[in-house]
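Data first, discussion second: the structure below is written as structure tokens.
Residue numbers (our numbering): 49 to 360.
Put into structure tokens, the structure is as follows:
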């Protein structure tokens, strides 16, 4: 806080204090040096050095910096005050016993400080820039920057348009490639599924064919067995013997043959029923029941009756 206040004080009152200090100090030095009779280079050089110090401080130090016009005016007035101080001392000395040469020399010192002040003021005025020139240069720079910004915006717009077109093209090509790849994958999957279905159906078809062949063979066997039983019945029908002998001798044999036939036919019927169920489970029509089974059963039932009729 203290540093901030000090900066504000220096900024507000620093230039005025500096100008007053250097000007009053120079005037006092001029009066003192002339009254004490110091050499001419010292009396002339010190005011010029003071003016040079003020010029440098006004340009270099930020706290004491002024506008160029104000700094030039201060230097001009400082030199003019130094001149008046030197003239005042000369007039004071002229009232005494001072020679004309001394008075002229004092006027020369006064003119020197005035020349220095006017020179520094002209220098500051030349350093000052005209607001019109500043405005013109600023407008020129703004126009140049506007053209550059417009050029950059146009190039950016073109680049964005190109990027948008490239992005849309890449997205379209990507979607098309994805669609083609998905179609190819679907075709491959369909082929694989068809192949798996064919491979899975082949064993089932083979098993069904084997079951059909086995059923056909069983039907043939049952038919053959029925034919054999029928032949046996026919042969028994052809037998003519006394009733007592036939009844006593053949009745046990007929009963045994009937029991054996029933015992042989029952497993075959069970096998046929099981095969039919398996065929239905695999989606095929059930095989027709062989006619030989019914014929065999009927004939086996009829044989004893016929024999018993013949016997009795």
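Using N, Cα and C, we set each Cβ at its ideal position, and we do this for glycine too.
Where residue i sits in the DSSP three-state scheme
i, result
"residue 87", "coil"
"residue 97", "helix"
"residue 112", "coil"
With 16 other Cβ atoms within 10 Å as the buried cut-off, status of residue i
i, result
"residue 300", "exposed"
"residue 208", "exposed"
"residue 231", "exposed"
"residue 270", "buried"
"residue 274", "buried"
"residue 63", "buried"
"residue 68", "exposed"
"residue 219", "exposed"
"residue 338", "Note that residue 338 scores a pLDDT of 47, beneath 50, so its modelled location is shaky; the value from the coordinates is reported in the next line. So residue 338 ends up on the buried side."
"residue 124", "buried"
"residue 318", "exposed"
"residue 103", "buried"
Between the CA atoms of residue j and residue i - distance to the nearest angstrom
i, j, result
"residue 126", "residue 187", "38 Å"
"residue 240", "residue 221", "28 Å"
"residue 160", "residue 183", "38 Å"
"residue 215", "residue 107", "59 Å"
"residue 65", "residue 118", "15 Å"
"residue 202", "residue 210", "12 Å"
"residue 245", "residue 252", "11 Å"
"residue 83", "residue 90", "13 Å"
"residue 277", "residue 268", "14 Å"
"residue 190", "residue 116", "26 Å"
"residue 225", "residue 237", "18 Å"
"residue 272", "residue 266", "10 Å"
"residue 88", "residue 109", "32 Å"
"residue 314", "residue 255", "25 Å"
"residue 195", "residue 180", "22 Å"
"residue 120", "residue 139", "29 Å"
"residue 324", "residue 303", "31 Å"
"residue 165", "residue 141", "25 Å"
"residue 248", "residue 308", "43 Å"
"residue 326", "residue 242", "25 Å"
"residue 105", "residue 114", "10 Å"
"residue 258", "residue 311", "26 Å"
Residue i CB to nearest heavy atom of the ligand SAH below 6 Å
i, result
"residue 85", "Among the ligands in the structure shown, none appear at all, so the ligand SAH cannot be discussed."
C-beta neighbour in chain C for residue i, strict 7 Å
i, result
"residue 77", "In the structure shown, chain C does not exist; there is a single protein chain."
*Within the chosen definition, does the region 114-134 reach the region 73-88 through at least 3 CB pairs nearer than 8 Å?*
yes
*Flag this pair as touching only if the region 91-99 and the region 160-169 have three or more C-beta atom pairs under 8 Å; answer yes or no.*
yes
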